[in-house]
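Numbering (our numbering), first residue to last: 245 to 491.
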Ligand SMILES: C[S@@+](CC[C@H](N)C(=O)[O-])C[C@H]1O[C@@H](n2cnc3c(N)ncnc32)[C@H](O)[C@@H]1O
């Protein structure tokens, strides 16, 4: 999805509660390295993850990059003291070995050149540094309400590499990682699903072509108007890769 799309959705991005469901980075909670570790969030968006780390006792020094000036403006408002720059993961504006902890959350499906991004990640990590890459895995969540109601969105799953591909790409860049998964299942109230669909700021709905989106929205509207308090089942799967430079 181009930066143009994020220019449009930047104003509503923080409204979705699930985007705030993030904790402190374990590597920073247990930090025993140099004082005030330098932390980079690649594709930092509106700065939600960086803000969550800001008050940790290790007093991290925060940096972030994002190609969307509109998303980054919101991060800057949230974190006026952070080092935030308009830049791509594929070309980071930082010197070698500059960071102790680097995060990439829900962004690598946008990269035009993942291998360059992993090479840049390896370059800016300090020798003892750690990285964390998180993203949804659409293939493991066919029951998500968006896929149920907008079936053509499944065609966009190809943007998300599987774990094996990611691990092998990282290994080629000199990085090793372990994989974990967080699966959740539940329900969403129909009126809330309809509200979220109308906002259309979740990645599969943004990238879906307009005709397919309109068909799904019309069907969802009819369903929700018939039973606004009804529920849809839903599920999600977030995959986390944690790792370090390989020696
Ligand atoms: C779904 S948002 C995630 C934002 C943030 N990481 C979060 O978890 O809230 C994806 C972000 O990736 C950014 N992005 C897109 N292409 C990128 C690239 N090539 N390099 C770095 N970030 C990119 C977008 O501008 C957007 O802010």
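Glycine included, C-beta positions come from ideal geometry on N, C-alpha and C.
{"Item": "For residue 250, three-class secondary structure by DSSP", "Value": "helix"}
{"Item": "Cβ shell of residue 358 (< 8 Å), same chain only, five flanking positions each side left out", "Value": "352, 405 and 413"}
{"Item": "Endpoints, alpha helix (DSSP H) assigned at residue 423", "Value": "Unbroken run through residue 423 is the beta strand (DSSP E), 419-433; no alpha helix (DSSP H)."}
{"Item": "Beta-carbon spacing of residue 449, residue 397 below 8 Å", "Value": "yes"}
{"Item": "CA-to-CA distance, residue 381 to residue 444, given in whole angstroms", "Value": "20 Å"}
{"Item": "C-beta neighbour in chain B for residue 454, strict 8 Å", "Value": "Absent from the structure: chain B. Only one protein chain is present."}
{"Item": "Beta-bridge partners of residue 479, as assigned by DSSP", "Value": "429"}
{"Item": "Same chain, Cβ closer than 7 Å to residue 293, five either side skipped, listed in chain order", "Value": "266, 285, 347 and 349"}
{"Item": "Nearest to residue 433 (by Cα), restricted to the options 248, 451, 389 and 442", "Value": "389"}
{"Item": "Buried or exposed (CB count within 10 angstroms, at least 16 for buried), residue 385", "Value": "buried"}
{"Item": "Per-residue DSSP class, three states only, for residue 369", "Value": "strand"}
{"Item": "Bridge-paired residues (DSSP) for residue 324", "Value": "Answer is none; residue 324 lacks a bridge partner."}
{"Item": "Any non-hydrogen atom of ligand 1 within 7 Å of residue 364 CB", "Value": "no"}
{"Item": "Assigned exposure category for residue 466 - 16 Cβ within 10 Å defines buried", "Value": "exposed"}
{"Item": "Whole-angstrom distance between residue 305 and residue 291, CA atom to CA atom", "Value": "14 Å"}
{"Item": "Own chain, CB closer than 7 Å to residue 472, minus 5 neighbours either side, in chain order", "Value": "434 and 435"}
{"Item": "Residue 299 versus 481, 326, 372 and 391, residue with shortest Cα-Cα distance", "Value": "326"}
{"Item": "Rounded C-alpha distance that separates residue 329 from residue 411", "Value": "28 Å"}
{"Item": "Three-state secondary structure assigned by DSSP to residue 307", "Value": "strand"}
{"Item": "Host beta strand (DSSP E) of residue 343 (start-end)", "Value": "343-349"}
{"Item": "Touching by the beta-carbon criterion (3+ pairs, under 8 Å), the region 333-348 and the region 364-377", "Value": "yes"}
{"Item": "Per DSSP, the bridge partner or partners of residue 375", "Value": "346 and 487"}
{"Item": "Under the three-state DSSP convention, the category residue 407 falls into", "Value": "helix"}
{"Item": "Cross-strand partners of residue 283 (DSSP beta bridge)", "Value": "306 and 345"}
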